[in-house]
Every structure is written in structure tokens, then in C-alpha cells.
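Q: Every letter in the sequence shown is one number past the one before it in my numbering, and letter 299, counting from 1, is 651. Sharing a structure with you now.
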Amino acid sequence: MAESSVHSKSTCYLRKFFTVVRGNTLASHKDFLKQLTMQRDFTEVRTLEESDVIMTFCPIVSRAGTDIEAALQEIPTGKRVVLVVLHHSFNPDCTVPNSSRLVTRHDILTVDCLFHENHGLLDCPRNKEAVATIWRSLNIQPKVQDLMTKWRSKMTGKMAESSVHSNPRMRKFFTVVSGNTLASHKDFLKQLTMQQDFTEVRTLEESDVIMTFCPIVSRAGTDIEAALQEIPTGKRVVLVVLHHSFNPDCTVPNSSRLVTRHDILTVDCLFHENHGLLDCPRNKEAVATIWRSLNIQPKEVRMQTVSYPLSSLKGLVSEGSSLLLLLPLRKNILKNMTFLPFYQDTHISTST
353 MAESSVHSKS
363 TCYLRKFFTV
373 VRGNTLASHK
383 DFLKQLTMQR
393 DFTEVRTLEE
403 SDVIMTFCPI
413 VSRAGTDIEA
423 ALQEIPTGKR
433 VVLVVLHHSF
443 NPDCTVPNSS
453 RLVTRHDILT
463 VDCLFHENHG
473 LLDCPRNKEA
483 VATIWRSLNI
493 QPKVQDLMTK
503 WRSKMTGKMA
513 ESSVHSNPRM
523 RKFFTVVSGN
533 TLASHKDFLK
543 QLTMQQDFTE
553 VRTLEESDVI
563 MTFCPIVSRA
573 GTDIEAALQE
583 IPTGKRVVLV
593 VLHHSFNPDC
603 TVPNSSRLVT
613 RHDILTVDCL
623 FHENHGLLDC
633 PRNKEAVATI
643 WRSLNIQPKE
653 VRMQTVSYPL
663 SSLKGLVSEG
673 SSLLLLLPLR
683 KNILKNMTFL
693 PFYQDTHIST
703 ST
């Protein structure tokens with residue numbers, strides 16, 4: 353009986369939800385719902401009657417027990433409920449109490465999440481696990497088109513393998529700087545191009561890619577939105593979001609969630625006014641991500657060898673001749689001295 357009940361429950365797909373927001377989430381509930389529904393067959397409806405599930409968001413502003421109790425009083429019965437408790441924190445590794453112990457109703461699934469007024473929903477393991485927990489508990493299925501895409505990619509496995517090779521190589525870039533980067537964008541470009549076949553050009557028309565640098569000076573959303581308005585369409589774009597910090601291990605929000613254009617690759621980096629671009633794993637990974645995504649190849653190393661006949665070294669004293677001079681003068685002979693036989697047909701080669 354227990355097995356069959358689980359099986360019958362698992363075949364009941366919950367596809368429609370109604371949203372209840374209690375308090376000011378600073379729009380972080382929208383970020384959460386976007387992650388929850390982006391690749392899943394889970395759709396928001398306008399009325400409670402249409403829904404299979406009630407998604408309730410409760411930001412903690414005073415005490416967890418008080419705020420959750422007030423939220424529970426507003427949730428009707430007769431529907432499955434997901435209670436998302438939002439804890440304010442800047443630290444993505446922040447430990448918060450398990451709010452489910454404060455909820456006694458068995459029809460309510462409770463998850464805890466982290467958010468911040470400047471960064472919205474944090475990009476952290478806790479929030480990702482909350483989304484995954486809801487998917488599992490409510491048996492929310494992937495969208496049909498996503499299943500078809502996965503099936504096609506399996507049927508044409510070689511296409512996935514050759515995607516890197518079919519991806520055109522990006523060799524020329526044009527730079528757009530939105531704001532004062534304190535020259536850290538130059539450090540970044542130096543690392544990006546030093547050993548790779550990726551060259552800056554002076555005009556937009558010549559370029560394959562637009563490299564855009566956006567330092568965060570007020571709020572990430574505002575600054576990124578302003579930068580996006582300056583980026584033309586029709587070219588691949590790399591948006592490098594520069595976060596000011598002295599700490600090379602600083603955790604910053606994932607800026608790609610604020611970018612909806614599919615032709616833009618977004619990476620986050622750290623910089624400081626006294627140290628420029630920081631020497632840290634995040635910045636190195638950003639460079640590597642761009643290399644992979646744009647299929648940027650290493651520069652071709654060319655070697656040139658030039659040969660000189662010893663007969664052309666007229667007027668020069670060989671090391672052997674130098675030795676003959678040192679012996680009668682009773683001078684010390686250098687230990688690292690090498691001797692070269694002075695034959696007319698000997699050649700000296702040098703490679704560059």
C-alpha cells in the first residue's frame with residue numbers, strides 16, 4: 353500500500369501555481385520563480401481556483417516565528433502549499449534556522465532562502481537546493497521542448513562533440529568601457545590576449561566580438577542595465593562586470609541573471625583601485641570561460657633559424673685564443689668557459 357501510494361502520488365503532476373507575497377521581498381521572489389519555472393513545466397496562473405499549488409513568499413523582518421505565523425494565517429486550505437521563507441543576508445554561506453519546524457500543517461512544504469536588497473536572490477547552494485527540493489517534492493517535470501532537445505542531442509551525439517569545432521573562431525574584438533574601471537580592463541585584456549589569437553581592432557565593423565566592461569558603482573542591476581543600452585546588436589558580446597573589492601575570495605552575485613539577451617556572455621571579476629585587477633581564481637576562471645565560449649585559440653608559434661659561417665667572423669678572437677692569452681699571464685680559467693673549434697666550414701645557428 354505504501355509503495356502504491358507513493359507511485360500514485362508521483363504520477364500527479366502539479367503544473368499551475370498561484371503566488372502569494374507577504375511583505376516586501378525586494379523582487380527576490382521574481383528571481384526565485386524565474387529559476388523555478390525556467391526549464392520546468394510549472395506555470396503561474398492569475399486566480400487561486402486555477403492553481404494546483406500556492407507559492408507563498410515570507411521575508412523575515414522581525415522574528416521568524418512571528419512572521420511565519422502571520423503568513424500561515426493568510427494561506428487557505430485545500431491546496432498544496434510551498435512556503436518560501438526569505439532571510440536577509442549578504443553572505444551566501446550564511447546559516448539560518450530550519451523554518452519547517454515552525455510549520456505544523458502537513459500540506460505545506462517549507463524551504464529557506466537568502467536574499468539581499470542590493471543583490472536580490474543570492475547565487476548560493478542553499479537557494480539552488482530550495483529550487484531542487486520543490487521540483488522533487490511537487491514532481492515538477494521538465495518542459496516538453498527541453499525533453500525533445502535532450503533526446504535530439506542524444507540521437508546526434510556527434511553534433512555535441514563537434515560543436516566546439518563548428519563554433520566559428522573569434523579573433524577580433526572591439527572594446528566598450530562603461531564607467532571608470534581604473535584601468536583594470538587593460539589588465540584583463542592583457543591576460544585575455546597575451547597567449548591567444550585574439551586581437552583588438554579600432555572599429556566596431558572590423559570586430560567579431562564586442563568586449564564590454566561595466567564597473568559596479570551604485571547597484572548591479574542599474575549599472576548593468578545602463579551598460580546593456582550602449583551595446584549594439586548583431587555581434588557576439590562579452591560583458592565583464594567589475595566588482596570593487598580588496599578580498600580576492602570575495603563572493604559576488606552572478607550577474608548573468610540580470611542579462612536576458614542570449615548573444616551576451618556575462619562574467620564577474622574583482623578589482624581594486626590600488627591593485628587593479630585582482631590575482632584571484634574568479635578572474636582567472638572568467639578569462640578561461642571567455643576562451644572556451646568564443647573558441648579562442650592559442651597564437652601560432654613560429655621559429656626562424658639563422659645560420660652564420662665562422663669564416664664571416666673576421667677580426668674576432670675565439671675562446672681558444674683567449675685561453676692561450678690567459679695561460680702565460682697565470683690567470684684563473686673560468687669554470688663555465690666553453691671552447692669552439694675554429695673551422696672555416698663551421699656554422700653558428702640562432703633561433704628566434
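Backbone N, C-alpha and C fix where the C-beta goes; we use that ideal spot for every residue, glycine too.
Given that a residue counts as buried once 16 or more other Cβ atoms are within 10 Å of its Cβ, and exposed if not, what is V715?
A: No information on residue 715 is available, as it lies outside the stretch 353 to 704 that the chain covers here.
Q: Under 8 Å, do C526 and I576 count as touching if we go by C-beta distance?
A: The question names Cys, yet the displayed sequence has Phe at residue 526. For F526 and I576, no; Cβs fall outside 8 Å.
Q: Roughly how many angstroms lie between the CA atoms of T533 and V455, to the nearest whole one?
A: Answer to the nearest angstrom: the Cα atoms are 48 Å apart.
Q: Which full runs of the alpha helix (DSSP H) of 4+ residues lie inside the stretch 545-618, going along the chain?
A: Taking only runs of at least 4 residues, the alpha helix (DSSP H) segments lying wholly in the stretch 545-618 are 572-581.
Q: Are F369 and D404 close, meaning C-beta to C-beta below 8 Å?
A: A contact, by the Cβ cut-off of 8 Å.
Q: Could you tell me the alpha carbon to alpha carbon distance between L438 and A535, rounded to whole angstroms?
A: Cα to Cα, the separation comes out at about 38 Å.
Q: Just to confirm, are Q548 and I648 a CB contact at a threshold of 8 Å?
A: For Q548 and I648, yes; Cβs fall inside 8 Å.
Q: Can you give the Cα-Cα distance for C476 and V619, rounded to whole angstroms?
A: So the two alpha carbons sit approximately 16 Å from each other.
Q: Going by DSSP, name the residue or residues bridged to E396.
A: Paired residue(s): F369.
Q: Tell me whether V639 sits in a helix, a strand or coil according to DSSP, three-state version.
A: Three-state result, V639: helix.
Q: With distances taken between CB atoms, is the gap from L541 to R588 smaller than 8 Å?
A: Taking 8 Å as the Cβ cut-off, L541 and R588 do not qualify as a contacting pair.
Q: With a Cβ-Cβ cutoff of 8 Å, do P444 and L474 count as a contact?
A: Yes, these two residues count as a Cβ contact at 8 Å.
Q: Would you kindly check if the distance between the Cβ of T555 and the Cβ of A579 is under 8 Å?
A: No, the Cβ-Cβ distance between A579 and T555 is not below 8 Å.
Q: If you draw a straight line from the alpha carbon of V372 to that of K386, how long is it in whole angstroms?
A: Approximately 15 Å between the Cα atoms of the pair.
Q: Hey, how far is the Cα of A512 from the Cα of E625?
A: Per-residue confidence for A512 stands at a pLDDT of 40, beneath the threshold of 50, marking its modelled position as unreliable; no derived number is given.
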